[in-house]
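Participant: Would you mind keeping the following structure in view while I ask a few things?
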Amino acid sequence: EKSPHTTAEKFYIEACDDGAGDVLAIDRVSTEVTLAVRKDIPPSAVTRPMCGIMGTIRLVAGMYLIVITKKKKVGDLLGHAIWKATDFDIVSYKKTVLHLTDTQMQDNKAFLSMINSVLNTDGFFFATDYDLTHTLQRLANTSPEFQEMTLLERVREISFLSSSCCINGKIFDWNIISRRSCFRAGVRYYIRGIDSEGHAANFVETEQIVQYNGAKASFVQTRGSIPFYWSQRPNLKYKPKPQISKSVNHLDGFQRHFDSQIITYGKQVILNLVNQKGSEKPLEQAFAKMVDSLGNGMIKYVAFDFHKECSRMRWHRLQILVDMVAEIQNEFGYFLVDSDGTVQLQQDGTFRSNCMDCLDRTNVIQSLLARRSLQSQLERIGVLHVGQRIEEQADFEKIYKNAWADNANACAKQYAGTGALKTDFTRTGKRTQWGLLMDGWNSMIRYYKNNFSDGFRQDSIDLFLGNYAVEEADMNTPLHEPKDWKFLTLPIIMVVAFSMCIICLLMAGDTWTETLAYVLFWGSASVVTAGVILFNGRDFVDAPKLVQKEKMD
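Here the sequence shown is numbered in the numbering used here, starting from 2 and rising by one per residue.
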């Protein structure tokens, strides 16, 4: 807990820990940050409760301090309390915005709404005395220099799920942590593939941790967009056609991506779950070809057409893939520390799963591989008896499936704007008609958001992460790009023509031929206009305005 004290000149942020005497002083005019002591806080300072500082950001009106005002405990990890930030405040350094023009005030308001949009996205977790951003294995193998880094220097967006479970009367803690990379961050259709540094879109590291009687075991998997240069810009079509860039050398970025993966995680097994026909086929073929071209013995490529194999509700066929990679999973192992703190096992490689979005299909496969690893871990640390199966432990199985479905939803909300699809299988182990119906509903919401609100969401993320820097008192922000004449004119014509068509049907003319002529005319006008709108689809979607660079190609 912290207590901020506010005066006209400074913010004083006081730690509430026992014995903490230092106070952080932030000058509201010069923005200088210094250390002070409690007696420096003026008695006239206004005090309000605060749980932490997210950081500072410069907008048109000047600097702002982003603070966490409410938190909620969501569980424990290895004895450390894990908190979720639930409410925030954005406090201006400036005491007034009267120095701004009307346009600047509008822009400042728009930027503030972008920051609020990101803060209101579920997924800000923190611990005051533990590094949530790295795996158990990395923390056990880090250098002294890394240990000296502040937690702020290691920060990433996190999804955290925690449960205290019981099997055979033995109580153990089980956690899932998903860490979303802040590199190439963004929304579903606007951020695909990789950047020139090899950072993949929607890259998420998921760690499953189990703790019992002082022993700790961890199993890590990753997911990320197909790692070469491709795009899938929204254009009003339900599923835009993916485009592989023809003007760049894919292998450079591809190699950078896997070099960093091998350094961080060891051997790589790629599980490519995209369709091997239709618009996804070229991506699968290009991925396989690039792995062959790289010729790296540390990388193994496995293609599994998820939709084809599981068509007509044959979800049991996922076991084909699990069995296919079982031997490799045994070889990779998992990280294990015994109750004395001695490292017994290291994980020697990871499965890097992907589909198109790296959300729905990917999460299903990850949950199956994680269960297989957990089976071995629980046997090793003495929770499961020899011959017992996790699937037979009804209470735990329910907790396990629901937690992985919740993990899918958390990742999907951040990238696609809705909960995940196919979570009925993750929750129940089978595909249901209700699940199909919910998938249809979520797909409709995704279609609307991807076409008509994701530009704003992408701008919000770019602003929050510092990919776009606002200049104070900026007169020329990119927020006021004029819309093409087609943007307003064609939808109005289509609505008027369609309305006239309905009116002609309801109010029949003197003869049926006259009515038919009117209906055909207005019907044709609405259909032709709709066709023109679809043909020029990119002009009608909500596109990002702040960052125009390679991720937009």
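Beta carbons are placed, not taken as given, at the ideal position from N, Cα and C, and that holds for glycine.
With DSSP as the reference, please indicate the residues paired to residue 166 in a beta bridge.
Facilitator: 173
Participant: For the region 465 to 475 and the region 59 to 70, state whether three or more C-beta atom pairs, one from each stretch, are separated by less than 8 Å.
Facilitator: With a cut-off of 8 Å, the region 59 to 70 and the region 465 to 475 count as touching, because enough Cβ pairs lie within range.
Participant: Can you name the start and end residues of the alpha helix (DSSP H) that residue 219 belongs to?
Facilitator: Note, residue 219: premise wrong, no alpha helix (DSSP H); beta strand (DSSP E) at 216 to 224.
Participant: Using CA coordinates, which residue listed in 200, 34, 92 is at the minimum distance from residue 49?
Facilitator: 92
Participant: In whole angstroms, what is the alpha-carbon distance linking residue 421 and residue 405?
Facilitator: For residue 421 and residue 405, the distance between alpha carbons rounds to 11 Å.
Participant: Can you give me the C-alpha to C-alpha distance between residue 407 and residue 167, rounded to a whole angstrom?
Facilitator: 20 Å
Participant: Where residue 535 and residue 528 are concerned, what is the direct C-alpha to C-alpha distance, given to the nearest angstrom?
Facilitator: 11 Å
Participant: Does the distance from the CB of residue 243 to the CB of residue 284 come in under 8 Å?
Facilitator: yes
Participant: Going by alpha carbons, who is nearest to residue 105 out of 476, 341, 277?
Facilitator: 476
Participant: Please classify residue 210: does DSSP put it in a helix, a strand, or coil?
Facilitator: strand
Participant: Apart from the five residues just before and just after residue 384, which ones in its own chain have a Cβ nearer than 7 Å to its Cβ?
Facilitator: 168, 169, 171, 173, 213
Participant: Say whether the region 448 to 461 touches the region 110 to 118, bearing in mind that this needs 3 or more beta-carbon pairs closer than 8 Å, one atom from each stretch.
Facilitator: yes
Participant: How is the alpha helix (DSSP H) around residue 358 delimited, first residue to last?
Facilitator: From DSSP, residue 358 is part of no alpha helix (DSSP H); its letter is neither H nor E.
Participant: Exposed or buried, residue 194, counting other C-beta atoms within 10 Å across all chains shown (16 or more means buried)?
Facilitator: Its Cβ being crowded by 16 or more others within 10 Å, residue 194 is buried.
Participant: Compute the Euclidean distance between the alpha carbons of residue 178 and residue 160, then round it to the nearest angstrom.
Facilitator: 6 Å
Participant: What do you reckon, are the CB atoms on residue 220 and residue 348 nearer than 8 Å?
Facilitator: yes
Participant: Quick check on residue 545: buried or exposed, where buried means 16 or more other Cβ atoms within 10 Å of its Cβ?
Facilitator: It is buried - the Cβ of residue 545 has at least 16 other Cβ atoms within 10 Å.
Participant: Nearest by alpha-carbon distance to residue 318: which of 369, 294, 379 is it?
Facilitator: Residue nearest to residue 318 within the set 369, 294, 379 is 369 (criterion: CA-CA distance).
Participant: Less than 8 Å separating the beta-carbons of residue 164 and residue 400?
Facilitator: yes
Participant: Leaving out five residues before and five after residue 502 in sequence, what residues of the same chain have Cβ atoms less than 7 Å from its Cβ?
Facilitator: 520, 523, 524, 527
Participant: In this structure, what does DSSP give as the bridge partners for residue 28?
Facilitator: 11
Participant: To test your reading of the DSSP string, which unbroken alpha helix (DSSP H) runs of 4 or more residues are found completely within the region 347 to 435?
Facilitator: Listed in chain order, the complete alpha helix (DSSP H) runs (minimum 4 residues) inside the region 347 to 435 are 361 to 381, 395 to 416, 424 to 429.
Participant: Taking 8 Å as the CB-CB limit, is residue 297 close to chain B?
Facilitator: In the displayed structure, chain B is absent; only one protein chain is listed.
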